[in-house]
Each structure stands twice: as C-alpha cells, then as structure tokens.
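**Q** In the working numbering, the protein residues as written are -13 to 168.
C-beta atoms are modelled at their ideal positions from N, C-alpha and C, and glycine is treated no differently.
Computed from a predicted structure; not experimentally measured.
(1) Figure out for me which residue from 104, 84 and 103 has the closest Cα to the Cα of residue 96.
(2) In terms of residue numbering, what span does the beta strand (DSSP E) encompassing residue 149 cover?
(3) Does the beta-carbon distance from residue 98 to residue 141 come in below 8 angstroms?
(4) For residue 113 and residue 167, I'd like the C-alpha separation in whole angstroms.
(5) With a threshold of 6 angstroms on Cβ separation, who are the neighbours of residue 123 within its own chain once the five nearest residues in sequence on each side are excluded?
(6) Is it the case that the Cβ atoms of residue 65 and residue 105 are separated by a distance below 8 angstroms?
(7) My understanding is that residue 165 touches residue 143, with C-beta atoms under 8 angstroms, so please give their C-beta distance in whole angstroms.
(8) Could you name the residues of the same chain whose beta carbon sits closer than 7 angstroms to that of residue 75, not counting the 5 residues immediately before and after it, in chain order?
(9) Could you tell me how far apart the beta carbons of residue 110 and residue 86 are, in whole angstroms, since I believe they sit closer than 8 angstroms?
(10) Can you tell which of 148, 160, 152 and 108 has the C-alpha that lies nearest to the C-alpha of residue 137?
(11) Mark residue 158 as exposed unless 16 or more other C-beta atoms lie within 10 angstroms of its C-beta, in which case mark it buried.
(12) Taking the alpha-carbon positions, what's the residue 135 to residue 88 distance?
(13) Express the C-alpha separation of residue 59 and residue 115 in angstroms, rounding to a whole number.
(14) Which residue from 128, 102 and 129 puts its Cα closest to that of residue 147?
(15) Identify the continuous beta strand (DSSP E) that holds residue 141 and give its terminal residues.
Okay, structure coming up:
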C-alpha cells in the first residue's frame, strides 16, 4: 500500500504543478527567453518608477501619486485583478502613460487612471510577462498582441464614462485595467 500511496501523491503533485504552470503562463507566447526579465527589479518593474500615470507631472516617482478623492464604483471589475490599489488622478493632462507588463509582468501600471476628455492614453510595453495586448470590453479599441519592450499603443478618450479593458491572453490571471474619463 505504501507504493500506491506514494504513486498517488506523485500524480497529485505533478497534476497541480502542471495546472499552476499553465495558469501562470497562459498566453505568454514568445516569452520563453524573457523568463528573468523584471525579476531583479532593476527595470522598475515594481510599478513605482513613474508607472502611476503621472508622467512626472508631480516631479517625482511613485511616492507622490495623487489619487481621486472619491473612488469610482467599478461594480466588481477589479475583483481578483493584479496591481489595483486606487484610481490615479491624471485629469488635466494631455497624455498619460500606462505600463503594459508592470509589476510581476502581468499587470497594468497603473491599473486604474482618471483622465479628462480629449486625453490620449499611451500604453507602453515593458517587455515583461510574455505577449500582451490592450482590449476594451466595449470593443472601442484593441491593440495587437506584442512581446517587445518599448512598443506603444494609444487611444484618445473623447467621451465621459468608464472604459474597462484587459490583456486578453492574461485576463484569467487578473490583468485588467480601467480608464475613467471625466
């Protein structure tokens, strides 16, 4: 019986390890050679290097991030999402940058940002986390899936409201974002 028990335990460990690896790597096409990117934090992949959407407008990185006074009701959109803390207030700026592949490589940085009508949001790829895209739940915009660092995609928000978006390959692991247009 000891042999059967050991064999069952091995099968269980193998199955759960495979399931976990599949979940973590879901959609990471072309990411095989990038496994170490961002793990040492040297590229600022912790999301605190200006990825708060302020684009340096406050003259510093991360520590002086301004948040909205009253947090929008996202209706559960950010339940289980990566990197969501609060909505960054970037109203009054002409252009705002959001990192794609921030933090652990499977986040948007910031996850939620408030902008004024007419603001262009530029999503910039960090090169971490494999292949990412930016896809609005409304269907208003969608980028191609890209792995390379420095790639950008932009969209100008002309109407008030909340635009929720995802990285389609990593939606299942919580790679979600939102732009609140005021």
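**A** A quick look at the data gives this:
(1) For the options 104, 84 and 103, the alpha carbon positioned closest to that of residue 96 is the one of 84.
(2) 147 to 152
(3) no
(4) 27 angstroms
(5) So the qualifying residues of the chain are 150.
(6) No; because the gap between Cβ atoms is not below 8 angstroms, this pair is not in contact.
(7) Between residue 143 and residue 165 the Cβ distance is about 6 angstroms, and since that is below 8 angstroms, they are a contact.
(8) Excluding positions up to five away in sequence, the list reads 52, 53, 54 and 100.
(9) 7 angstroms
(10) 108
(11) exposed
(12) 11 angstroms
(13) 29 angstroms
(14) 102
(15) 138 to 143
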